[in-house]
Amino acid sequence: MHRLIALLLSSLLLAACATRPVAPAVELPALRLAPAALGHELAVQQRLVFRFGTQVRELDALLEVDASEVRLAVQAMGRTGVRLQWDGQSLMEQRAAWLPDAVRSERVLDDVQFSLWPADAVRAVLPAGWELHEAGDVRELRRDGRAWLVRERTSATTLQVRNRADGYDLTIESVAGGAPSP
């Protein structure tokens, strides 16, 4: 059973945590936004669907944000693979022994913050050469005019994230606790 879960999670967090291409075209900037910059508290259960090439994996996630901390637990088959806590200063993680090293907590945190935090908060931490563009339900992180990270709201409860730098797509569907606000 542990082996099956390990195999599932190896393939699962694929890239949100990112098994990176041999030579990525660009390194996405780290956001590391303060939890309070979200502007409201959030507690939501989500279904995550990762697509990396022809591989597709589904996971469950529990996300909580308050003014002092971001907490995220990602589960497969009822077992927690990783727990993250971000207090605005340090990122702490608890990992299952079977979780692959390719699962990067920093990338997970960045995807969450890019997708949910207000545009002005994201813009404030972008390094020179990067820009955040929003039009309607689409948000893009651009460099040299090219969108490397795209988030689109496809319904009231669903976000689609396309990470062109690391080569994966992530669908985030809120299933309980309300829809996340972009």
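Counting with the numbering used here, you get residues 158 to 339 for the letters of the sequence shown.
Note that CB positions come from ideal geometry on N, CA and C, so glycine has one too.
Small disclaimer: the values here were computed from a predicted structure and weren't measured.
**OP:** Go ahead and pull the three-state DSSP assignment for Glu226.
**Re:** Note: Glu226 maps to coil in three-state DSSP.
Original post:
If you pair each beta-carbon of the region 241-249 with each one of the region 201-217, do three or more pairs fall below 8 Å?
Top reply: As far as the Cβ criterion goes, the region 241-249 does not touch the region 201-217, which means the pair count is below three.
**OP:** If I'm right that Val289 touches Ala276 with Cβ under 8 Å, what's the distance once you round it to whole angstroms?
**Re:** It is worth fixing the name first, because residue 289 is Leu in this sequence and not Val. With 8 Å as the limit, Leu289 and Ala276 qualify as a contact, their Cβ atoms being about 6 Å apart.
Subject >> Secondary structure of Gly270, DSSP reduced to three states >> reply: First, the amino acid is wrong: residue 270 is Gln here, not Gly. DSSP places Gln270 in helix when its eight states are reduced to three.
Original post:
Among Ser225, Ser247 and Leu283, which has the Cα closest to the Cα of Gly196?
Top reply: Of all alpha-carbon atoms in Ser225, Ser247 and Leu283, the one lying nearest the alpha-carbon of Gly196 is that of Ser225.
Subject >> Three-state secondary structure (DSSP) of Arg189 >> reply: Judged by DSSP in its simplified three-state form, Arg189 adopts coil rather than helix or strand.
**OP:** Could you have a look at Val279 and say whether DSSP puts it in helix, strand or coil?
**Re:** Helix, per DSSP.
Subject >> Same chain, Cβ closer than 7 Å to Trp274, five either side skipped, listed in chain order >> reply: Residues Leu190, Ala194 and Leu195 of the same chain have their beta carbon placed closer than 7 Å to that of Trp274, with the five preceding and five following residues left out of the count.
**OP:** Just mark Asp268 as buried or exposed, buried being the case when its beta carbon has 16 or more other beta carbons within 10 Å.
**Re:** Classification of Asp268: buried, given that the 10 Å Cβ count is 16 or more.
Original post:
Span of the beta strand (DSSP E) holding Val201?
Top reply: Leu199 to Phe209 is the span of the beta strand (DSSP E), which, as asked, contains Val201.
**OP:** Measure from the alpha carbon of Ala202 to the alpha carbon of each residue in Ala230, Asp301 and Arg208, then state which is nearest.
**Re:** The question names Ala, yet the displayed sequence has Gln at residue 202. If we check each option's Cα against that of Gln202, Ala230 comes out closest.
Subject >> Residue range of the unbroken beta strand (DSSP E) whose run includes Val295 >> reply: Looking at the DSSP string, the run of the beta strand (DSSP E) that includes Val295 is Val295 to Arg300.
**OP:** Within the same chain, show all residues whose beta-carbon is closer than 8 Å to that of Arg299, passing over the 5 residues directly before and after it, in chain order.
**Re:** Trp287, Glu288, Leu289, His290 and Trp305.
Original post:
Near Thr328, which residues of its chain fall below 6 Å by C-beta distance, leaving aside the five closest residues on each side in sequence?
Top reply: So the qualifying residues of the chain are Val206 and Gln317.
**OP:** Buried or exposed for Ala233, please, with buried defined as at least 16 other CB atoms from any protein chain shown within 10 angstroms of its CB.
**Re:** Looking at its Cβ environment, which holds 16 or more other Cβ atoms inside 10 Å, Ala233 is buried.
Original post:
Is Arg208 near the ligand NAD, going by C-beta to nearest heavy atom under 7 Å?
Top reply: Among the ligands in the structure shown, none appear at all, so the ligand NAD cannot be discussed.
**OP:** Please look up how many angstroms separate the CB atoms of Asp326 and Glu309, rounded, as I've assumed it's under 8 Å.
**Re:** Contact doesn't hold; Cβ gap of about 11 Å is too wide.
Original post:
Alpha carbon to alpha carbon, what distance is there between Glu198 and Arg236?
Top reply: Rounded to whole angstroms, the separation of the alpha carbons of Glu198 and Arg236 is 26 Å.
Original post:
What does Arg240 pair with, by DSSP beta-bridge criteria?
Top reply: For Arg240, which the question treats as bridged, DSSP gives the partners Ala230 and Gln251.
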